[in-house]
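Right, one structure below, let's go through it.
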Amino acid sequence: MDQHAIEIHSLTKRFGDFTALKGFDLTVPRGAIFGFLGPNGAGKTTTLRIMTGLARATAGQITIEGVRVGGQQRPPIGYLPDTPSFYNWMTAPEFLRYIADLHAISEPPIDPLLDRVGLGDVSKRKIGGFSRGMKQRLGLAQALLPQPAVLLMDEPASALDPAGRKEMLDIMSDLRGELTIFFSTHILNDAERICDEVGILHEGELLLQARRDELLARFAQPIFEIDVAPEDAPALEALAAQIGAQPWAERVQHEGARLRVTVNEVETARRALLPMLTDRAVRRVEMVGATLEDVFLRLTNNVATAGERA
Amino acid sequence: MRTFLIQLRKELREQWRTRKALVVVIVLVAFGLMSPIIAKLTPDLLEALGEGQLGEVQIILPEPSARDAVDQFVNNVTQFGLLLAVLVGFSGIVGERERGQLALVFPHPLPRRTFVLAKFAALAILFGVAVLLGALADYAYTAILFEAQDIGRFTAMVALIYVWLLCLIALTLLASALGRSMTGAGALAFGFVLLLSLLGMFTNLAPGTLTGWGAALAKEIDAPARWGALAVTLAITVLSVAGSALILERQEIE
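First to last, the protein sequences are chains F and P.
For any residue, its number in this note's numbering is found by taking its place in the first sequence, counting from 1, and adding 7.
For any residue, its number in this note's numbering is found by taking its place in the second sequence, counting from 1, and adding 2.
Set out below in C-alpha cells:
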C-alpha cells in the first residue's frame with residue numbers, strides 16, 4: 008500500500024477571474040502530523056473544503072488513503088471546521104449519537120470520546136450553552152467518532168484562548184501515531200510545537216514541503232538575541248537601525264526590550280556586534296537557531312520581493 | 003433509506019425541541035375550533051354591532067349553516083397555513099448553510115438529496131398532523147353547532163387543502179435552496195407565493211383553485227372538478243423538491 012495518506016496533484020481552484028489555488032502538488036506521509044501553513048487568504052481553507060467534498064476543484068485531484076475525493080466512495084476522513092456550528096437544541100451525546108447513526112456505528116464510544124476531549128461532565132447540557140472552546144472540543148469528538156484514518160482540521164486552535172489552545176494541541180499531540188492529522192494554521196508556534204512535517208502555502212502556491220526539523224536545519228541562520236533592561240528599551244530603536252545598516256545583518260526584529268538579529272557571517276557579526284552593545288544595559292546576548300516563523304517570513308518575503316521585481 | 007430515516011428523525015426532533023411543531027399545531031387546531039364558532043356567531047355579532055346605529059334599516063342575514071363553517075375553515079387554514087408554511091420552511095436549507103451546520107454534517111455520509119428529502123418529509127408530516135387535528139376539531143365543532151357533514155366530502159376537502167400546502171412547502175424549500183441568505187430566501191419564498199396567487203387569477207390550473215374545489219365538494223355545491231390543477235400542483239411539488247436537491251448538490255458549502 009502507498010505510504011502516503013494524502014496525495015494532492017495539480018490542485019487548482021478558480022473563483023471567476025481569481026485563482027485561489029494555482030495547481031500545487033502535495034503528499035502527506037501516513038501517520039504524520041502535517042501543518043499546512045500560510046497567512047490568511049493563502050488558500051488553506053479552500054484546500055480543506057475541497058478535501059472534504061464541500062467544494063469542488065477546478066482542476067487537479069486529491070486522493071485520501073487511496074480513495075479519490077469526489078468519487079463514488081467516501082474517503083475515511085474526519086473533519087473539524089474552523090468554527091464548528093452545531094444544532095444548539097441537542098446535547099453533546101445526542102449530536103454524537105446522530106453522527107454515529109449516519110456512519111451506522113451501532114455501539115459508538117460516546118462517553119470515552121467525550122472524556123477524551125474533556126467534555127465528560129457536561130453531557131447533559133445543551134450545546135447552545137457551550138463556550139467556543141467546548142464547541143471546538145466537541146467538533147474534534149465528532150471528527151474522531153468514525154475512527155477516521157485521516158483527520159482534517161481547519162485552524163483548530165486559532166480562535167481559542169491560550170489555555171484552550173494548549174488543551175487542543177495536547178489532544179492533537181496525544182493522537183500522534185493513531186491516525187494522520189492534516190491541519191491548517193497561521194499560528195506558526197502551534198505548528199512548530201506538534202508538527203512532524205509542514206507545507207507552506209502562499210497566494211495559492213505551495214512554497215515548500217519538508218519535515219519540520221529538516222526545514223529548520225536547511226534554513227537555519229545564526230540569530231543573535233539581545234535582551235536589554237526595560238529602561239533601555241526605548242534606545243533599542245536607534246540600535247536596531249544602526250545594526251540593520253551593517254552588511255552582515257540580514258534582518259533585525261525589534262520586540263519590546265529584545266532585538267533579534269539574523270546574520271549572514273557569524274564571526275564578522277560577533278566581532279562587530281559586541282562593541283556596539285557596550286553602552287547598553289544588556290541582560291543577555293545569545294545565538295539561537297531559526298524558528299518556523301523565521302523560515303516562513305524569509306520564504307514569504309522572498310516571494311513578495313521576487314513579485315515586486317517582476 | 004436508513005440515512006433518510008435517521009435524518010427524518012433528526013428533523014422531527016428539531017421541530018419538537020424548537021417548538022415549531024407546537025406553534026403550527028396550536029395555530030391550525032385553534033382555527034379548526036374557531037371556524038364553526040365564528041360562522042355561528044357572525045350574524046349575532048353583526049346584529050349587535052348594528053343595533054341602534056342604522057335607525058330603521060334592518061340587516062337580514064341568512065341563518066348560519068355548516069356551509070358557512072366550511073368557508074371559514076378553508077379561509078382560515080389556507081391563509082394561516084400559507085403563512086406558517088413559508089415562515090417555518092424558508093430557513094430550512096439556507097439557515098443551516100448560513101450558520102455553518104452543513105459544513106459540519108456534509109463531510110459525514112449524509113447525501114445532500116437525502117437531506118432535502120428528509121426536510122420536505124418532516125415538514126409534510128408536521129403540516130399533515132396539524133391540518134388533520136385542525137380538521138378534526140372543525141368537524142367535531144361543526145357537528146355540535148350545526149350538523150354532521152358528509153365525512154367523504156369533508157375528507158376530500160382536507161386532502162385538497164393538504165396537497166396545496168405541500169406545494170407551498172416544496173416551493174419554500176426551493177427558495178431556501180436558491181437563496182444566498184435568509185433574507186433572500188424569505189423574499190424568494192413570498193415571491194413564489196405571490197406568483198402562485200397571480201397565476202390563480204388567469205388559469206384554473208393554478209394550485210390555488212384546489213382549495214375552492216375542496217370547499218365546493220364539502221358544501222355539496224355543483225362545481226367543476228379541478229383534476230388539471232391537482233396534476234399541476236403535484237408536478238410543481240415534485241419538481242420543486244427535486245430542484246432543491248439538485249441545487250444543493252451543486253452548491254459549494256462555506
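Note that CB positions come from ideal geometry on N, CA and C, so glycine has one too.
Just mark residue i as buried or exposed, buried being the case when its beta carbon has 16 or more other beta carbons within 10 Å.
i	result
F:Ala-66	exposed
P:Pro-226	exposed
F:Val-35	buried
F:Thr-285	exposed
F:Glu-162	buried
F:Pro-82	buried
F:Pro-91	buried
F:Arg-139	exposed
P:Ala-237	exposed
F:Glu-204	buried
P:Arg-21	exposed
P:Thr-185	exposed
P:Gln-74	buried
P:Leu-176	buried
F:Gln-143	buried
P:Ser-199	exposed
P:Gly-34	buried
F:Lys-131	exposed
F:Gln-249	exposed
P:Val-243	buried
Is residue i close to chain F? Criterion is C-beta to C-beta, closer than 7 Å.
i	result
P:Ile-95	no
P:Ile-8	yes
P:Ala-105	yes
P:Glu-251	no
P:Arg-19	yes
P:Pro-1	Residue 1 of chain P falls outside the range modelled here, since chain P spans only 3 to 256, and no answer is possible.
P:Glu-100	no
P:Phe-254	Note on residue identity: the sequence assigns Glu, not Phe, to residue 254 of chain P. Yes, P:Glu-254 counts as interfacial toward chain F.
Helix, strand or coil for residue i? Go by DSSP, reduced to three states.
i	result
F:Met-160	strand
P:Tyr-143	helix
P:Ser-178	helix
F:Lys-20	strand
F:Gln-68	strand
F:Met-294	strand
P:Glu-222	coil
P:Gln-17	helix
P:Glu-254	coil
F:Gly-42	strand
F:Arg-305	helix
F:Lys-29	strand
F:Thr-34	strand
P:Leu-248	helix
P:Lys-121	helix
F:Phe-226	coil
F:Gln-10	coil
F:Gln-216	strand
P:Gly-127	The question names Gly, yet the displayed sequence has Ile at residue 127 of chain P. Residue state, collapsed to three classes: helix.
F:Ile-112	coil
P:Phe-148	coil
F:Lys-133	strand
In its own chain, which residues sit with a C-beta less than 6 Å from the C-beta of residue i, not counting the 5 before and 5 after it?
i	result
F:Ala-288	Val-235, Ala-236, Asp-239
F:Arg-75	none
P:Ala-179	Ile-95, Ser-246, Ile-249, Leu-250
F:Leu-147	Leu-87, Val-124
F:Phe-41	Val-35, Phe-189, Glu-204
Considering only residues of the same chain and omitting the five flanking positions on each side of residue i, which have a CB-CB separation below 7 Å?
i	result
F:Val-295	Ile-230, Glu-232
F:Pro-155	Pro-83, Ile-84, Gly-85, Leu-186
F:Gly-60	Val-76, Gly-77
P:Ala-105	Ile-255, Glu-256
F:Val-302	Leu-222, Leu-223, Phe-226
Does residue i come within less than 7 Å of chain P when only Cβ atoms are used?
i	result
F:Leu-61	yes
F:Ser-92	yes
F:Ala-317	Residue placement at F:Ala-317 is poorly supported in this model, since its pLDDT is 49, which falls under 50; the coordinates are not used for a value here.
F:Leu-109	yes
F:Pro-88	yes
* To do: Go through the region 145 to 211 of chain F residue by residue and report every complete run of the alpha helix (DSSP H) that reaches 4 residues or more, in order.
  => 169 to 181, 195 to 201
* Can you check the region 233 to 288 of chain F for any beta strand (DSSP E) of at least 3 residues that lies completely inside it and give the ranges in chain order? => 256 to 262, 265 to 270
* To do: Just list the alpha helix (DSSP H) runs in the region 63 to 118 of chain P, keeping only unbroken ones of 4 residues or longer that don't cross its boundaries, in chain order.
  => 68 to 91, 96 to 101, 103 to 107
* Residue ranges of each beta strand (DSSP E) within the region 46 to 104 of chain F, 3 or longer -> You should have 66 to 71, 84 to 87.
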